[in-house]
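Only one structure is covered here, and it is reproduced in the block below.
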Amino acid sequence: MPTKKATRKTSAAKRTRSSAAKRSSSKKSSGRKYSPSSGADVEREIRAMKQGKLKSGRSGKKVTNPKQAIAIGLSEARKEGKKVPAKKT
């Protein structure tokens, strides 16, 4: 008895057409959003967090959340004038 295989050629074709249409209609940004040096700043802060050396600003408490470490790295990159998108409010 042969095994049954469900073939869905039409849905696969629809998926490729719709994804191609989405790609062509979306606006493309020119260049990078973040400078490579700002990425290095974030990496440095993540490494400090993993070592337990990263402290938060005013309170001086130890940072344990990776998202907070990323935010600190991006904030420092902004202060140094590196290419980083504006802070979302």
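First residue of the sequence shown? That's 175 in this note's numbering, and the numbers climb one at a time after it.
Built from N, CA and C at the ideal position, the CB exists for glycine as well.
None of these values were measured; they are calculated from a predicted model.
Distance between ALA245 and SER209, taken at the CA atoms: about 15 Å. Cβ neighbours of LEU228 within its own chain (closer than 8 Å, five residues either side excluded): GLU219, ALA222, LYS236, VAL237, ALA243 and ILE246. If you draw a 10 Å sphere on the C-beta of SER212, you find 16 or more other C-beta atoms in it, and that means buried. Residue pairing by DSSP places LYS229 opposite LYS236 in a beta bridge.
In the three-state DSSP reduction, LYS262 falls in the coil class, being neither helix nor strand.
Counting the other CB atoms within 10 Å of its CB gives ALA251 a total of 16 or more, which places it among the buried residues.
Distance check between GLY226 and each of PRO259, PRO240, THR263 and ALA214 places PRO240 closest, using alpha-carbon atoms only. Of ALA214, SER249 and GLY255, the smallest CA-CA separation from SER230 is found for SER249.
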